[in-house]
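*Asks:* Chains as they are written, first to last, in the UniProt record's numbering: chain C, 1 to 220; chain W, 1 to 220; chain V, 1 to 220. We put the beta carbon where it would ideally sit given N, CA and C, even for glycine. Take a look at the following structure, please.
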Amino acid sequence: MTQTPLLLALDLTGTFAFGLNGALTAVRAVRLDLVGVLTLGVVTALGGGIVRDVLIDSLPPATFNALGYLGVAAAGALLAFFLSLPLERFTALITVFDAVGLSVFCVTGASKALEFGLDGVQAVLLGAITAVGGGTMRDVLIRRVPTVLSSDFYVVPALVGAAVTVVAERAGIYGLASALVAAAVCFVIRMLGLRFNLYVPSTPRRTSRRGEEASEDGGE
Amino acid sequence: MTQTPLLLALDLTGTFAFGLNGALTAVRAVRLDLVGVLTLGVVTALGGGIVRDVLIDSLPPATFNALGYLGVAAAGALLAFFLSLPLERFTALITVFDAVGLSVFCVTGASKALEFGLDGVQAVLLGAITAVGGGTMRDVLIRRVPTVLSSDFYVVPALVGAAVTVVAERAGIYGLASALVAAAVCFVIRMLGLRFNLYVPSTPRRTSRRGEEASEDGGE
Amino acid sequence: MTQTPLLLALDLTGTFAFGLNGALTAVRAVRLDLVGVLTLGVVTALGGGIVRDVLIDSLPPATFNALGYLGVAAAGALLAFFLSLPLERFTALITVFDAVGLSVFCVTGASKALEFGLDGVQAVLLGAITAVGGGTMRDVLIRRVPTVLSSDFYVVPALVGAAVTVVAERAGIYGLASALVAAAVCFVIRMLGLRFNLYVPSTPRRTSRRGEEASEDGGE
Numbered sequence: 001m002t003q004t005p006l007l008l009a010l011d012l013t014g015t016f017a018f019g020l021n022g023a024l025t026a027v028r029a030v031r032l033d034l035v036g037v038l039t040l041g042v043v044t045a046l047g048g049g050i051v052r053d054v055l056i057d058s059l060p061p062a063t064f065n066a067l068g069y070l071g072v073a074a075a076g077a078l079l080a081f082f083l084s085l086p087l088e089r090f091t092a093l094i095t096v097f098d099a100v101g102l103s104v105f106c107v108t109g110a111s112k113a114l115e116f117g118l119d120g121v122q123a124v125l126l127g128a129i130t131a132v133g134g135g136t137m138r139d140v141l142i143r144r145v146p147t148v149l150s151s152d153f154y155v156v157p158a159l160v161g162a163a164v165t166v167v168a169e170r171a172g173i174y175g176l177a178s179a180l181v182a183a184a185v186c187f188v189i190r191m192l193g194l195r196f197n198l199y200v201p202s203t204p205r206r207t208s209r210r211g212e213e214a215s216e217d218g219g220e
Numbered sequence: 001m002t003q004t005p006l007l008l009a010l011d012l013t014g015t016f017a018f019g020l021n022g023a024l025t026a027v028r029a030v031r032l033d034l035v036g037v038l039t040l041g042v043v044t045a046l047g048g049g050i051v052r053d054v055l056i057d058s059l060p061p062a063t064f065n066a067l068g069y070l071g072v073a074a075a076g077a078l079l080a081f082f083l084s085l086p087l088e089r090f091t092a093l094i095t096v097f098d099a100v101g102l103s104v105f106c107v108t109g110a111s112k113a114l115e116f117g118l119d120g121v122q123a124v125l126l127g128a129i130t131a132v133g134g135g136t137m138r139d140v141l142i143r144r145v146p147t148v149l150s151s152d153f154y155v156v157p158a159l160v161g162a163a164v165t166v167v168a169e170r171a172g173i174y175g176l177a178s179a180l181v182a183a184a185v186c187f188v189i190r191m192l193g194l195r196f197n198l199y200v201p202s203t204p205r206r207t208s209r210r211g212e213e214a215s216e217d218g219g220e
Numbered sequence: 001m002t003q004t005p006l007l008l009a010l011d012l013t014g015t016f017a018f019g020l021n022g023a024l025t026a027v028r029a030v031r032l033d034l035v036g037v038l039t040l041g042v043v044t045a046l047g048g049g050i051v052r053d054v055l056i057d058s059l060p061p062a063t064f065n066a067l068g069y070l071g072v073a074a075a076g077a078l079l080a081f082f083l084s085l086p087l088e089r090f091t092a093l094i095t096v097f098d099a100v101g102l103s104v105f106c107v108t109g110a111s112k113a114l115e116f117g118l119d120g121v122q123a124v125l126l127g128a129i130t131a132v133g134g135g136t137m138r139d140v141l142i143r144r145v146p147t148v149l150s151s152d153f154y155v156v157p158a159l160v161g162a163a164v165t166v167v168a169e170r171a172g173i174y175g176l177a178s179a180l181v182a183a184a185v186c187f188v189i190r191m192l193g194l195r196f197n198l199y200v201p202s203t204p205r206r207t208s209r210r211g212e213e214a215s216e217d218g219g220e
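Structure representation (structure tokens):
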């Protein structure tokens with residue numbers, strides 16, 4: 001499927017939102033300079049797609065090689081650098097844009113993996129990696145246990161969106177319409193998750209029997 | 001060398017053990033949800049091989065692309081999620097299975113690197129990376145200084161097993177028998193290391209002269 | 001451009017300095033064994049170039065595949081392991097050598113990216129990644145927020161050196177002379193930055209309104 005203007009617009013919107021939100025999260029967690037904020041915004045926005053492209057051997061990575069994506073991600077990060085405080089009033093709006101990014105990335109990620117000949121299960125995983133990989137890299141760089149591993153209802157919508165994409169492709173009906181449906185499914189699940197505080201079951205909170213291991217991280 | 005049933009069985013055993021042990025370690029260190037436990041189990045089991053395959057340009061990575069490996073790693077992680085407490089009684093057994101994984105991975109990793117035309121030293125390093133890379137990635141994700149860097153007698157057996165593999169290959173006698181010998185050498189060294197508390201010499205424990213650097217991490 | 005003896009000598013000097021300085025930094029921050037110190041020295045010295053080679057699809061990575069680079073990086077790390085305390089007297093000298101590494105790596109990194117057909121902006125970024133990527137990986141492994149993201153005047157000289165390289169190449173005058181000029185520009189900026197305490201503007205220090213996020217990392 002060639003990139004339609006609508007999908008491209010959604011993809012760039014998502015990239016901008018990821019750059020902005022990724023940089024905001026970083027700025028709120030650690031003290032960074034301009035270089036750090038730009039780096040973390042761009043890593044959040046492009047990191048997942050880069051990992052996918054490395055794994056499917058589509059190198060150099062597409063978004064890294066396209067000035068538009070780099071520029072849009074950097075613009076989001078710059079905005080976060082200069083306006084991190086006033087932007088706190090728009091947290092709800094930014095979360096919605098971020099969900100747009102999640103939704104588009106899991107669909108385009110899964111679709112690209114299929115194009116490169118990967119099987120269905122792998123394509124679903126790569127769709128999710130495209131969507132959440134960048135944020136995971138950012139969390140590692142700012143020394144947080146990645147939120148997607150511990151508490152956020154963030155991976156599940158991405159997996160579902162990617163799965164819908166793979167099913168549509170296998171059924172021979174993948175195109176702009178079904179891509180939008182898959183993205184919409186992911187978006188709705190993400191929004192419902194936020195609204196109703198859905199979560200994936202966790203391991204039981206442990207009492208600290210192994211002091212050396214549990215002490216610092218036990219409360220995460 | 002084509003994959004024999006015996007080597008395949010050992011490889012899958014190791015993958016299962018790494019998935020189980022990797023997820024158990026993660027569960028004991030931080031609070032994770034099901035997505036996180038699955039992710040960390042699979043990363044521990046497949047991460048080292050994926051790094052090796054990226055570096056030797058064998059993409060998409062073999063184990064990532066094989067449903068069997070993904071499934072076995074995920075099964076180990078699931079077991080860890082649901083049975084982390086009762087499994088503590090079987091720590092010794094799990095350590096033995098984990099050593100099987102270490103032993104098979106360093107041999108198959110070195111052997112694959114040679115197949116792809118890398119030199120001996122690089123093949124030894126890639127064998128060790130295959131064996132310990134996944135656990136290192138897990139430790140980074142759960143925010144621990146990787147134990148292989150600081151205290152575990154874990155890399156040395158992997159290096160020796162990989163070296164025996166390379167020597168056998170160079171001597172023209174690499175096959176199932178020598179692969180098993182190389183894995184057995186690694187396994188025995190690992191077990192002796194655990195039994196006799198062997199370790200690699202460390203840097204001296206520093207008194208905290210550089211407060212800002214040494215304070216938090218100094219006691220690791 | 002073929003590798004001239006002069007550039008090769010500078011490149012190996014930089015690799016040695018990165019291996020030494022990377023291992024010293026690691027040793028001063030966490031307790032490591034010999035395996036850990038060697039690993040972190042080699043990762044610091046070769047990590048940036050490996051990331052670049054993965055992204056431009058030049059695999060296996062050049063320096064990983066060249067015994068000379070591996071050996072020189074390991075030699076630097078060994079020196080750090082055995083002489084970390086006496087070496088503290090030579091901090092100023094090591095910083096100068098480290099700046100040589102930074103300067104050569106950003107130039108050779110950008111130049112190699114252009115050779116592999118990447119565009120100017122990407123080549124500048126890859127030059128900087130070559131120069132600072134290894135140190136960033138080391139910081140992640142020893143659980144520090146990478147200093148290049150937060151406070152060091154380290155990325156800017158690398159970006160400028162890489163940019164001079166790209167401009168020279170585009171003007172058709174890239175060769176040994178212009179490579180040395182580009183490296184010298186980076187070196188001088190780095191030295192001026194250290195001498196006059198230059199820095200990139202940071203985000204404002206936040207008062208801890210979000211306790212759970214800002215508490216531990218807020219003082220970084």
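So does the region 147 to 165 of chain W actually touch the region 188 to 200 of chain W, counting three or more Cβ pairs closer than 8 angstroms?
*Replies:* The answer is yes - the region 188 to 200 of chain W touches the region 147 to 165 of chain W, with three or more Cβ pairs under 8 angstroms.
*Asks:* Using a Cβ-Cβ distance under 8 angstroms, would L149 of chain C count as near chain V?
*Replies:* Mapped onto the first sequence, residue 149 of chain C falls at position 149. Closer than 8 angstroms: no.
*Asks:* For the region 81 to 93 of chain V, enumerate the residues whose C-beta is nearer than 7 angstroms to any C-beta of chain W, in chain order.
*Replies:* So the list reads F81, S84, given in the order they occur along the chain.
*Asks:* May I ask you to verify whether the region 50 to 61 of chain V touches the region 18 to 36 of chain V, counting CB pairs closer than 8 angstroms and requiring at least 3?
*Replies:* These segments do not touch.
*Asks:* Note down, in chain order, every chain V residue with its Cβ under 7 angstroms from the Cβ of D57 of chain W.
*Replies:* Translated into positions along the second sequence, residue 57 of chain W becomes position 57. By Cβ distance, chain V contributes L59, P60.
*Asks:* Determine the chain C residues that contact L32 of chain W at a beta-carbon separation under 7 angstroms, and present them in chain order.
*Replies:* For this step, residue 32 of chain W is matched to residue 32 along the second sequence. Near L32 of chain W (Cβ distances below 7 angstroms), the residues of chain C are L149, S150, S202, T203.
*Asks:* Using 8 angstroms as the limit for Cβ to Cβ distance, is T130 of chain C near chain V?
*Replies:* On the first sequence, residue 130 of chain C is found 130 positions in, with the first residue counted as 1. False, the Cβ-Cβ gap to chain V never drops below 8 angstroms.
*Asks:* Residues of chain W with CB closer than 8 angstroms to the CB of L118 of chain C, please, in chain order.
*Replies:* Taking the first residue of the first sequence as position 1, residue 118 of chain C is located at position 118. The answer, in chain order, is P60, N65.
*Asks:* Are three or more beta carbon pairs between the region 4 to 21 of chain W and the region 62 to 77 of chain W nearer than 8 angstroms?
*Replies:* Flag = yes, the region 4 to 21 of chain W and the region 62 to 77 of chain W touch.
*Asks:* How about G27 of chain W: is its C-beta nearer than 8 angstroms to some C-beta of chain C?
*Replies:* Position 27 of the second sequence, counting from 1, holds the residue named residue 27 of chain W. What sits at residue 27 of chain W in the sequence shown is Val, not Gly. Yes, V27 of chain W counts as interfacial toward chain C.
*Asks:* Going by other Cβ atoms of all chains shown within 10 Å of its Cβ, with 16 needed for buried, is A171 of chain C buried or exposed?
*Replies:* Taking the first residue of the first sequence as position 1, residue 171 of chain C is located at position 171. Burial call: exposed.
*Asks:* For a contact defined as C-beta to C-beta under 7 angstroms, what are the partners of V54 of chain C on chain W?
*Replies:* Numbered from 1 along the first sequence, position 54 holds the residue referred to as residue 54 of chain C. Within 7 angstroms Cβ-Cβ: V54.
*Asks:* Looking only at its own chain, which residues have a Cβ that is under 6 angstroms from the Cβ of V164 of chain C, when we skip the five neighbours before and after it?
*Replies:* On the first sequence, position 164 is the one that residue 164 of chain C refers to. Once the five neighbours on either side are set aside, the close Cβ partners of V164 of chain C are A182, V185.
*Asks:* On the DSSP letters alone, give me the boundaries of the alpha helix (DSSP H) that N21 of chain W sits inside.
*Replies:* Counting from 1 along the second sequence, the entry for residue 21 of chain W is found at position 21. Residues 5 to 29.
*Asks:* Is it the case that the Cβ atoms of S44 of chain C and G161 of chain C are separated by a distance below 8 angstroms?
*Replies:* Along the first sequence, read from residue 1 onward, the residue named residue 44 of chain C stands at position 44. Along the first sequence, read from residue 1 onward, the residue named residue 161 of chain C stands at position 161. Here the sequence assigns Thr to residue 44 of chain C, which means Ser is not the residue at that position. Not a contact, by the Cβ cut-off of 8 angstroms.
*Asks:* Closest by CA to L198 of chain C, which one among C:P157, C:G175, C:L38?
*Replies:* Here the question's residue 198 of chain C lines up with position 198 in the first sequence. The shortest Cα separation from L198 of chain C among C:P157, C:G175, C:L38 belongs to C:P157.
*Asks:* Measuring only the C-alpha atoms, how far is I50 of chain V from R195 of chain C?
*Replies:* On the third sequence, position 50 is the one that residue 50 of chain V refers to. On the first sequence, position 195 is the one that residue 195 of chain C refers to. So the two alpha carbons sit approximately 43 angstroms from each other.
*Asks:* For L176 of chain V and V42 of chain V, what's the separation of their Cα atoms in angstroms?
*Replies:* The sequence position of residue 176 of chain V within the third sequence is 176, counting from 1. The sequence position of residue 42 of chain V within the third sequence is 42, counting from 1. The alpha-carbon atoms of L176 of chain V and V42 of chain V are separated by roughly 27 angstroms.
*Asks:* How would you write the range of the alpha helix (DSSP H) that R195 of chain W sits in, first residue to last?
*Replies:* Taking the first residue of the second sequence as 1, we reach residue 195 of chain W at position 195. Its alpha helix (DSSP H) spans residues 176 to 195.
*Asks:* List, in chain order, every chain W residue whose beta-carbon is nearer than 7 angstroms to that of G36 of chain V.
*Replies:* As a position in the third sequence, residue 36 of chain V is number 36, starting the count at 1. Near G36 of chain V (Cβ distances below 7 angstroms), the residues of chain W are L149, S150.
*Asks:* To the nearest angstrom, how far is it from the Cα of V200 of chain W to the Cα of T130 of chain W?
*Replies:* The count along the second sequence starts at 1 and reaches residue 200 of chain W at position 200. The count along the second sequence starts at 1 and reaches residue 130 of chain W at position 130. Roughly 20 angstroms separates the two Cα atoms.
*Asks:* Residues of chain W with CB closer than 7 angstroms to the CB of T39 of chain V, please, in chain order.
*Replies:* As a position in the third sequence, residue 39 of chain V is number 39, starting the count at 1. Here the neighbours are L149.
*Asks:* Alpha carbon to alpha carbon, how far is L7 of chain V from P86 of chain V? Give it in angstroms, no decimals.
*Replies:* Residue 86 of chain V sits at position 86 when you count from the first residue of the third sequence. Residue 7 of chain V sits at position 7 when you count from the first residue of the third sequence. If you take the alpha carbons of P86 of chain V and L7 of chain V, they lie about 30 angstroms apart.
*Asks:* Taking V140 of chain C as the query, report the chain V residues whose CB atoms sit under 9 angstroms from its CB, ordered along the chain.
*Replies:* Walking along the first sequence from the start, residue 140 of chain C turns up at place 140. The contacting residues are V140.
*Asks:* Note down, in chain order, each residue of its chain lying with its Cβ closer than 6 angstroms to the Cβ of I142 of chain V, except the 5 sequence neighbours on either side.
*Replies:* Taking the first residue of the third sequence as 1, we reach residue 142 of chain V at position 142. Counting only Cβ-Cβ distances below 6 angstroms, and skipping sequence neighbours, we find A26, A29, V30.
*Asks:* Given that a residue counts as buried once 16 or more other Cβ atoms are within 10 Å of its Cβ, and exposed if not, what is R210 of chain V?
*Replies:* What you label residue 210 of chain V is simply residue 210 of the third sequence in a count that begins at 1. Because R210 of chain V sits at a pLDDT of 45, beneath the cut-off of 50, its placement in the model cannot be relied upon, and the following sentence gives the value as read from the coordinates. Its Cβ having fewer than 16 others within 10 Å, R210 of chain V is exposed.
*Asks:* Helix, strand or coil: which one does DSSP assign to S202 of chain V?
*Replies:* Against the third sequence, residue 202 of chain V aligns to sequence position 202. Strand.
*Asks:* Please say whether V121 of chain V and L67 of chain C have beta carbons closer to each other than 8 angstroms?
*Replies:* Residue mapping note: residue 67 of chain C aligns to position 67 of the first sequence, counting from 1. Residue mapping note: residue 121 of chain V aligns to position 121 of the third sequence, counting from 1. Yes, these two residues count as a Cβ contact at 8 angstroms.
*Asks:* Please list, in chain order, all residues of the same chain as V99 of chain C whose beta carbon is under 7 angstroms from its beta carbon, the five residues on each side excluded.
*Replies:* For the purposes of this step, residue 99 of chain C is taken as the residue at position 99 of the first sequence. A quick correction: the sequence has Ala, not Val, at residue 99 of chain C. Once the five neighbours on either side are set aside, the close Cβ partners of A99 of chain C are F187, R190, M191.
*Asks:* Using beta carbons (cut-off 8 angstroms, strictly below), is V166 of chain V in contact with chain C?
*Replies:* Position 166 of the third sequence, counting from 1, holds the residue named residue 166 of chain V. So, not an interface residue.
*Asks:* Spatial neighbours of T4 of chain V within its chain, please: C-beta separation below 8 angstroms, excluding the five flanking residues on both sides.
*Replies:* Within the third sequence, residue 4 of chain V is the residue found at index 4, counting from 1. Excluding positions up to five away in sequence, the list reads L176.
*Asks:* By a C-beta neighbour count over all protein chains shown, 10 Å radius and 16 as the cutoff for buried, is A92 of chain W buried or exposed?
*Replies:* Counting from 1 along the second sequence, the entry for residue 92 of chain W is found at position 92. A92 of chain W should be labelled exposed.
*Asks:* Answer yes or no: does any C-beta atom of chain V fall closer than 8 angstroms to that of L70 of chain C?
*Replies:* Here residue 70 of chain C corresponds to residue number 70 of the first sequence, with the count starting at 1. So yes, L70 of chain C belongs to the interface.
*Asks:* My output table needs one value for D98 of chain C: the three-state DSSP class, helix, strand or coil.
*Replies:* Looking up residue 98 of chain C in the first sequence gives position 98. Three-state result, D98 of chain C: helix.
*Asks:* Spatial neighbours of residue 221 of chain C within its chain, please: C-beta separation below 6 angstroms, excluding the five flanking residues on both sides.
*Replies:* Any question about residue 221 of chain C goes unanswered here, given that chain C covers just 1 to 220.
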